[in-house]
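Our numbering puts the first residue of the sequence shown at 421, with every later residue one more than the last. Where is the CB? At the ideal position from N, CA and C, for every residue including glycine. Just below is one structure, and these are the notes that go with it.
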Amino acid sequence: MDRPPIDPAKLLALWMEWEKGETPPGQVLANLKTAGMKELLEELTAQLQAAE
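And the structure:
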């Protein structure tokens, strides 16, 4: 099953739910994982390393 492309705006919205106290931390982590936070961070890290 293919995942949809990572949407940074969606990841930020999920984070903001936690900051506003709308979602408990455990659920936020699960949502961020499902939405591709790890993959986004890996991609950004690779881009930064390639630029060095």
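Shown here, glutamate 459 sits in a helix according to DSSP, grouped into three states. For a cut-off of 8 Å, the C-beta gap from lysine 430 to alanine 450 is around 14 Å, too long to register as a contact. With respect to valine 448, leucine 461 sits apart: the two C-beta atoms are not nearer than 9 Å. When the alpha-carbon of proline 424 is set against those of Met436, Met457, Glu437, the nearest one is in Met457. The shortest C-alpha to C-alpha distance from proline 428 to any of Leu452, Asp422, Trp438, Ala466 is the one to Leu452.
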